[in-house]
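Enquirer:
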Amino acid sequence: MTRAFTVKLGRRARAHIARDGLRPADIACIPAAAGGPKGLVLMPLDRWLFGQWLRDATDLTLIGASIGAWRMAAAAHEDPVAALLELERGYIEDQNYGHKPGPDAVAALMRANVHAGFGRWRPRDNLSLRVLTARAAGVLVHNNSRAAFGRVALANVRGRAYLAQHLRRVVFSRGPRATATDALFSADAFGLIHVPLTPHNALEALLASGSIPIRSQAVRDIPGAPEGTYWDGGLIDYHLYLPYQRLDRLTLYPHFSASVTPGWLDKFLPWRKQGVRGRGSDWLASMILIAPSPDLVARLPNGKLPDRNDFYRYGVDHAARIATWRRALAECARFADEAAAWLEHPDLSFAQSL
Numbered sequence: 002m003t004r005a006f007t008v009k010l011g012r013r014a015r016a017h018i019a020r021d022g023l024r025p026a027d028i029a030c031i032p033a034a035a036g037g038p039k040g041l042v043l044m045p046l047d048r049w050l051f052g053q054w055l056r057d058a059t060d061l062t063l064i065g066a067s068i069g070a071w072r073m074a075a076a077a078h079e080d081p082v083a084a085l086l087e088l089e090r091g092y093i094e095d096q097n098y099g100h101k102p103g104p105d106a107v108a109a110l111m112r113a114n115v116h117a118g119f120g121r122w123r124p125r126d127n128l129s130l131r132v133l134t135a136r137a138a139g140v141l142v143h144n145n146s147r148a149a150f151g152r153v154a155l156a157n158v159r160g161r162a163y164l165a166q167h168l169r170r171v172v173f174s175r176g177p178r179a180t181a182t183d184a185l186f187s188a189d190a191f192g193l194i195h196v197p198l199t200p201h202n203a204l205e206a207l208l209a210s211g212s213i214p215i216r217s218q219a220v221r222d223i224p225g226a227p228e229g230t231y232w233d234g235g236l237i238d239y240h241l242y243l244p245y246q247r248l249d250r251l252t253l254y255p256h257f258s259a260s261v262t263p264g265w266l267d268k269f270l271p272w273r274k275q276g277v278r279g280r281g282s283d284w285l286a287s288m289i290l291i292a293p294s295p296d297l298v299a300r301l302p303n304g305k306l307p308d309r310n311d312f313y314r315y316g317v318d319h320a321a322r323i324a325t326w327r328r329a330l331a332e333c334a335r336f337a338d339e340a341a342a343w344l345e346h347p348d349l350s351f352a353q354s355l
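Sequential numbering of the sequence shown, starting at 2, is according to my numbering.
1. Report the rounded CA-to-CA distance for Gly235 versus Gly264, giving the unit in angstroms.
2. Under the three-state reduction of DSSP, which class applies to Lys9: helix, strand or coil?
3. Just confirm the distance between the C-beta atoms of Leu266 and Lys39, as a whole number of angstroms; I'd bet it's less than 8 Å.
4. In terms of residue numbering, what span does the alpha helix (DSSP H) encompassing Ala154 cover?
5. Should Ala286 be flagged as near chain D, meaning a C-beta pair shorter than 8 Å?
6. Going by DSSP in three states, Ala341 sits in which element: helix, strand or coil?
7. By Cβ distance, which residues of its chain are closer than 6 Å to Gly281, with the 5 residues on each side in sequence left out?
8. Output the residue ranges of the beta strand (DSSP E) runs that lie fully inside the stretch 25-100 and measure 3 residues or longer, sorted by chain position.
9. Leaving out five residues before and five after Val82 in sequence, what residues of the same chain have Cβ atoms less than 7 Å from its Cβ?
10. Any contact between the stretch 87-102 and the stretch 221-239? By contact I mean 3 or more CB pairs, one from each, below 8 Å.
11. Pick out whichever of Ala209, Gln166, Thr199 has its Cα sitting closest to the Cα of Phe191.
12. Please name the residue, chosen from Phe351, Ala113, His346, that lies closest to Pro25 on a Cα-to-Cα basis.
13. Among residues of its own chain, excluding the 5 on either side of Val317, which ones have a beta-carbon nearer than 7 Å to its beta-carbon?
14. Could you round the C-beta distance between Asp233 and Ala337 to whole angstroms and report it? I think they count as a contact, below 8 Å.
15. Mind checking whether Ile64 and Pro32 have CB atoms under 8 Å apart?
16. Bridge partners of Thr230, per DSSP?
17. Could you pull out every residue in the same chain whose Cβ sits closer than 6 Å to the Cβ of Leu46, ignoring the five residues on either side in sequence?
18. Relative to the C-alpha of Ala1, which candidate in Ala226, Tyr245, Thr182, Ala352 has its C-alpha closest?
19. Do you know offhand how far Met288's Cα is from Gly120's?
20. Going by the CB atoms, is the gap between Ser210 and Asp66 shorter than 8 Å?
21. Just checking my contact of Val153 with Leu141 at CB under 8 Å: how many whole Å lie between their CB atoms?
22. Evaluate contact between the stretch 241-249 and the stretch 193-213, counting only Cβ atoms and requiring at least three cross-stretch pairs below 8 Å.
23. So Tyr254 is in the beta strand (DSSP E); what residue range does that whole segment cover?
24. May I have the straight-line CA-CA distance separating Thr182 from Leu128, to the nearest angstrom?
25. Which residues in the same chain have their Cβ closer than 8 Å to the Cβ of Leu349, if we skip the five residues on either side of it in sequence?
26. Identify every run of the alpha helix (DSSP H) within the stretch 175-208, keeping only runs that are complete inside it and at least 4 residues long; order them along the chain.
27. Strictly by DSSP, which residues pair up with Leu133?
28. Tell me which same chain residues have a C-beta within less than 6 Å of the C-beta of Phe173, skipping the five on either side of it?
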């Protein structure tokens, strides 16, 4: 039987595992990508990671944008398995939109889902959490029309530094603000504003991190944060392409893709698919990336990962969409089992280079 997972290693990660093996204490950071329903396929692995392998981790930072922020917030809960199961259930079963829903309807349903999933959120003290958002700047401050976002997309084609004229990174943080972790966000033009993640702003921050332009509404004036309009953190940090080599230990990246694309708009630009610095960047040298294999993905319903297009594919036939996504997650249990077995006993013979 073909493998259900792909593993890619940066050169420092490969050398470390070859020399010392792999223990939970070797992991400094876990990023979690934006990507909507694609992130669902990682939740069986999330439950093992945070319910068992990393349950007692004391020096670990979780970083997420959009659904990745929701996954990491659930993982940071005092009962991570229960929180992840509730997030999975709500994301799959409660996102039942009407025919051609507008941004107001989408925002209202997302708000209800976030409140249902995190209204009684009780995070653990032994983990650090970073929730990424994108604060409007430039043309987007007073204009969130399709034309305005079209101008932003064209700016991004010129370069990520031009995108930074219209979006600024705001990180809602809980737990220690280690210098090394903060250094992940100081290597580009998007800036860094740290805002404490508290019971008074956690729901708004999580909602903002998943608020997709055009399809939903922005979140405004989050308590404790600078005034302004906040959008999906994936606009800047889609796959969280950050300089992880600055950390003193390894980065474990459970991902739905075998490549790391910097921003959401970059997925339309083939030359940025493996990061702005090209394949083999030092930024990913200490990374262990684990993703569903192409063979597993081919076995999923419709031969693909769940995605937002399924809302249009199935329309108001919510039962069919829910059943399709449930079948996809059932198939991904094998991915979780094989990935977990590899992490406990790494085999470098088939690990690819990142």
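Every residue gets a Cβ at the ideal spot worked out from N, C-alpha and C, and that includes glycine. Fair warning: this is a prediction, and the values are worked out from it, not measured in the lab.
Expert: Checking against the coordinates, here is how it stands:
1. One-based indexing of the sequence shown puts residue 235 at position 234. One-based indexing of the sequence shown puts residue 264 at position 263. Cα to Cα, the separation comes out at about 6 Å.
2. The residue labelled residue 9 in the question sits at position 8 within the sequence shown. Correct three-state label for Lys9: strand.
3. Position 265 of the sequence shown, counted from the start, is the residue given in the question as residue 266. Position 38 of the sequence shown, counted from the start, is the residue given in the question as residue 39. Not really, about 17 Å apart at Cβ, beyond 8 Å.
4. The residue labelled residue 154 in the question sits at position 153 within the sequence shown. DSSP places Ala154 inside the alpha helix (DSSP H), whose first and last residues are 147-159.
5. In the structure shown, chain D cannot be found, because there is only a single protein chain.
6. Numbered from its first residue, the sequence shown carries residue 341 at position 340. Ala341 falls in the helix class under three-state DSSP.
7. Taking the first residue of the sequence shown as 1, we reach residue 281 at position 280. Confidence at Gly281 is low in this model, with a pLDDT of 48, below 50, so the placement of that residue should be treated as unreliable; the coordinate-derived value is given next. Within the same chain, Gly281 has no close Cβ partners at all.
8. As far as the stretch 25-100 is concerned, its whole beta strand (DSSP E) runs of at least 3 residues are 28-33, 61-66.
9. For the purposes of this step, residue 82 is identified with residue 81 of the sequence shown, where counting begins at 1. Correct list, in chain order: Arg48, Gly52.
10. no
11. The sequence position of residue 191 within the sequence shown is 190, counting from 1. If you compare the alpha carbons of Ala209, Gln166, Thr199 with that of Phe191, the shortest gap goes to Gln166.
12. Taking the first residue of the sequence shown as 1, we reach residue 25 at position 24. Checking every option, the nearest Cα to that of Pro25 belongs to His346.
13. By one-based count along the sequence shown, residue 317 stands at place 316. The residues are Gly99, His100.
14. Taking the first residue of the sequence shown as position 1, residue 233 is located at position 232. Taking the first residue of the sequence shown as position 1, residue 337 is located at position 336. Going by Cβ atoms, the distance from Asp233 to Ala337 rounds to 26 Å, so no, they are not a contact pair.
15. For the purposes of this step, residue 64 is taken as the residue at position 63 of the sequence shown. For the purposes of this step, residue 32 is taken as the residue at position 31 of the sequence shown. Cβ distance < 8 Å, so Ile64 and Pro32 count as in contact.
16. Taking the sequence shown and counting its residues from 1, the one referred to as residue 230 is at position 229. DSSP, once it has assigned bridges, lists Arg221 as partnering Thr230.
17. Numbered from 1 along the sequence shown, position 45 holds the residue referred to as residue 46. Leaving aside the five residues that flank Leu46 on each side, the residues in its chain whose CB is nearer than 6 Å to its CB run, in chain order, Pro255, Ala337, Ala340.
18. The question about residue 1 has no answer here: the residues shown for the chain are numbered 2 through 355.
19. Within the sequence shown, the letter at position 287 stands for residue 288. Within the sequence shown, the letter at position 119 stands for residue 120. Approximately 33 Å, taken between the alpha carbons.
20. Here residue 66 is taken as the residue at index 65 of the sequence shown, counted from 1. Here residue 210 is taken as the residue at index 209 of the sequence shown, counted from 1. The question names Asp, but residue 66 is Ala in the sequence shown. The answer is yes: Cβ separation under 8 Å.
21. Taking the first residue of the sequence shown as position 1, residue 153 is located at position 152. Taking the first residue of the sequence shown as position 1, residue 141 is located at position 140. So it is a contact: roughly 7 Å between Cβ atoms.
22. no
23. Position 253 of the sequence shown holds residue 254. Run containing Tyr254: 251-255, per the beta strand (DSSP E) assignment.
24. Position 181 of the sequence shown holds residue 182. Position 127 of the sequence shown holds residue 128. Spanning the two alpha carbons is a distance of roughly 13 Å.
25. In the sequence shown, counting from the first residue as 1, residue 349 sits at position 348. Result list for Leu349: Leu10, Arg15, Ile18, Ala19, in chain order.
26. Runs of alpha helix (DSSP H) with 4 or more residues, each lying fully within the stretch 175-208, are found at 180-184, listed in chain order.
27. For the purposes of this step, residue 133 is identified with residue 132 of the sequence shown, where counting begins at 1. According to DSSP, which records beta bridges pairwise, Leu133 is partnered with Ala66, Val172.
28. Reading the sequence shown from its first residue, position 172 is the one you call residue 173. Only Val132, Val196, Leu198, Ala206 meet the Cβ criterion.
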